[in-house]
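In terms of the working numbering, the sequence shown has 1315 at position 358, counting the first letter as 1, and numbering is strictly consecutive. Here a beta-carbon is modelled for each residue, glycine too, at the ideal position from N, C-alpha and C. Okay, so here's the structure we're looking at.
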Amino acid sequence: MSGATRNDDLGYPIVVGENLRDDVGAFLRDRGPVGAVLCDAHPHVRATAKKIAALAGGSPVIALALGESRKRLATVERVLDAMVRAGVERGSLVVGVGGGIASDLFGFACATYMRGVPYAHVATSLVAMVDAAIGGKTGVNLDSGKNLAGSFRDPVGVFADVAALRTLPPAALAEGLAEVVKAAIIEGGDFFEMLEELAPHPFARWPLTTVIEAAIKVKTMAVADDRLEAGSRALLNLGHTFAHAIERASKYRTRHGAAVAVGLRAAGLLALRIGRFSEAEHLRVLALLALLRLPLQTAVAPEAIFAAMSGDKKKRSGRLRFVLPRSIGDVEYGVESPNRTVRAVIARLREPPESFRARR
Ligand SMILES: NC(=O)c1ccc[n+]([C@@H]2O[C@H](COP(=O)([O-])OP(=O)(O)OC[C@H]3O[C@@H](n4cnc5c(N)ncnc54)[C@H](O)[C@@H]3O)[C@@H](O)[C@H]2O)c1
Ligand SMILES: [Zn+2]
């Protein structure tokens, strides 16, 4: 085997490592036959899919051009029709290869194909590795909003081959890094300190397996006792109430990762204002985000952000609730805050960040 690490917290293997050929091969021999390999048509992703299809003894490869605008029911229908044409039978394993769009869309298609076929995902983007492919949320966008149609459906296995990240475009990498920082704030301790040490160095030189494994652990721990998102899973929304509002108010011109980075600053600011977080730790978070070249401010109008937030689904009984840090490594959900404090925080997001000393 490849010296890969394996996490079984959610009842299915999540394998992380460099060059997972042997691990994937052993899994397919155990779980096969493979009915089809579905993939994002990006040349690098397709090449990986072809290798997996060969490992599976020559399964058909179904490649589709994906993208947020194609993450929709019409594409699911195309995938399902292609699976029928490829002769995928009920009970045969289907393997998907790609980023978070692929895991959401293919996972959803496989949840419905002949009322459900087992699905394994080979994650090729950082977002898919640390977030999208794990936890069983699958789905697509509707014209009326993002991720509004879908299903909770666990994969039977997830593989994160960190070698794939070498070809990932920098923008897609940044998307994932914001989620990694979020995970490190939730976890604190060695994980956060490791990122502080690594941040000044090029990503390609990071011990990627260790970093990704740590971020996955935060997600699996939060999801494990809360599959349907009633409680602890909410921790993973740190920074996200602000982020979703910024994305919506910008008409999705601000990407999710960028919005999460600004949202993490906002959560820190709000926690500071209601007296439950220290300035020193807030500045440590900002310094880390800045070293990773993630944005800390937004040009989106504060009123528009607040209006978008008031329509957020996390709102209960008219009051806004937030996931906020008490300290790095101690994050709580369901914290209520007065609207005027929230507005004051949002107003700050147009301005450069609070001064901080970047640690080197
Ligand atoms: N279900 C969940 O819990 C969950 C969580 C987070 C995000 N998501 C979803 O994930 C999606 C975003 O995922 P993403 O950021 O991975 O986007 P993505 O799937 O579009 O991948 C990013 C880009 O990188 C390309 N790519 C992927 N792997 C590559 C590789 N190894 N080399 C070169 N190029 C590669 C893709 O073709 C794409 O252009 C969103 O739709 C979001 O809603 C879902
Ligand atoms: Zn996110």
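Notebook entry, point to check: How is Leu1253 classed by DSSP in three states: helix, strand or coil?
Noted result: coil
Margin query: Does His1078 come out as helix, strand or coil in the three-state DSSP assignment?
Written below: strand
Checklist line | For Gly1107, the residue or residues it bridges with in DSSP | finding: In DSSP, Gly1107 forms a bridge with Gly1096.
Next item on the list: Consider the C-beta atom of Gly1220 and the heavy atoms of ligand 1; say whether any pair is separated by less than 8 Å.
Entry: no
Margin query: Please state the DSSP three-state secondary structure of Leu1306.
Written below: coil
Next item on the list: Just the C-alpha distance for Ala1200 and Lys1139, rounded to the nearest angstrom, thanks.
Entry: 12 Å
Notebook entry, point to check: Which residue's Cα is closest to the Cα of Ile1019: Val994, Val1041 and Arg1042?
Noted result: Val994
Margin query: Looking at the strands, I want to know which residues DSSP matches up with Ser1284.
Written below: Asp1287
Next item on the list: Give the secondary structure of Arg1316 by DSSP, where H, G and I count as helix, E and B as strand, and everything else as coil.
Entry: In this prediction, Arg1316 scores a pLDDT of 43, lower than 50, which makes its location untrustworthy; the coordinate-derived value is nonetheless stated afterwards. Of the three classes helix, strand and coil, the one that applies to Arg1316 here is coil, per DSSP.
Notebook entry, point to check: Thinking C-alpha only, which one of Val1041, Gly1048 and Gly1093 is nearest Asp1183?
Noted result: Gly1093
Next item on the list: Note down, in chain order, each residue of its chain lying with its Cβ closer than 8 Å to the Cβ of Leu1037, except the 5 sequence neighbours on either side.
Entry: Ala1066, Thr1069 and Tyr1070
Item checked: Contact set for Leu936: own chain, Cβ-Cβ below 7 Å, skip 5 residues either direction -> Here the chain comprises residues numbered 958 to 1317, so residue 936 is not present and cannot be evaluated.
Note to self: Within the continuous alpha helix (DSSP H) that includes Val1217, where are the two ends?
What the structure shows: Segment His1213 to Arg1230, the alpha helix (DSSP H) holding Val1217.
Note to self: Quick check: what's the CA-CA separation for Glu1153 versus Ala961?
What the structure shows: Glu1153 and Ala961: Cα-Cα distance of roughly 24 Å.
Check: Opposite Asn976 in the DSSP bridges: which residues?
Finding: Asn976 pairs with nothing; no bridge assigned.
Check: What's the call for Ile971, buried or exposed, on a 16-neighbour Cβ count within 10 Å?
Finding: buried
Check: Looking at the structure shown, is Ile1091 part of a helix, part of a strand, or coil, going by DSSP?
Finding: DSSP, reduced to helix, strand and coil, places Ile1091 outside both helices and strands of the structure shown, so it counts as coil.
Check: Would you say Leu1192 and Glu1136 are within 9 Å of each other, going by their C-beta atoms?
Finding: Against a cut-off of 9 Å, the Cβ pair of Glu1136 and Leu1192 comes out as no contact.
Notebook entry, point to check: Quick one: is the Cβ of Asp1088 within less than 8 Å of any heavy atom of ligand 2?
Noted result: yes
Next item on the list: Answer yes or no: the CB of Ala1200 versus the heavy atoms of ligand 2, is any distance below 8 Å?
Entry: Under cutoff, so the answer is yes.
Notebook entry, point to check: When we look at the beta-carbon of Tyr1076 and count the other beta-carbons within 10 Å, is it buried (16 or more) or exposed?
Noted result: Residue burial annotation: Tyr1076 is buried, with at least 16 other C-beta atoms found within 10 angstroms of its C-beta.
Next item on the list: Consider the C-beta atom of Leu1122 and the heavy atoms of ligand 1; say whether any pair is separated by less than 8 Å.
Entry: Result yes, Cβ under 8 Å from ligand 1.
Checklist line | Exposed unless 16 or more other CB atoms sit within 10 angstroms - verdict on Ala1128 | finding: exposed
Note to self: I'd like to check one pair, Ala1090 with Ala1131: are the Cβ atoms closer than 9 Å?
What the structure shows: no
Check: How would you label Arg1314, buried or exposed, when you count the other beta carbons within 10 angstroms and need 16 or more for buried?
Finding: Because the pLDDT at Arg1314 is just 49, under 50, the model does not fix this residue reliably, and the point stays unresolved.
Note to self: Can you look up Glu1311 in the DSSP assignment and give me helix, strand or coil?
What the structure shows: coil
Notebook entry, point to check: Whose CA, out of Asn1296, Ala1039 and Gly1014, lies closest to the CA of Arg1230?
Noted result: Answer by Cα proximity: Asn1296.
Next item on the list: Tell me, please, whether the segment 1026 to 1043 touches the segment 966 to 984 by the rule of three or more beta-carbon pairs shorter than 8 Å.
Entry: The segment 1026 to 1043 vs the segment 966 to 984: no contact.
Note to self: Am I right that Val1052 and Val991 are in contact with their C-beta atoms under 8 Å? What's the rounded C-beta distance?
What the structure shows: Rounded to the nearest angstrom, the Cβ distance from Val1052 to Val991 is 6 Å, consistent with a contact under 8 Å.
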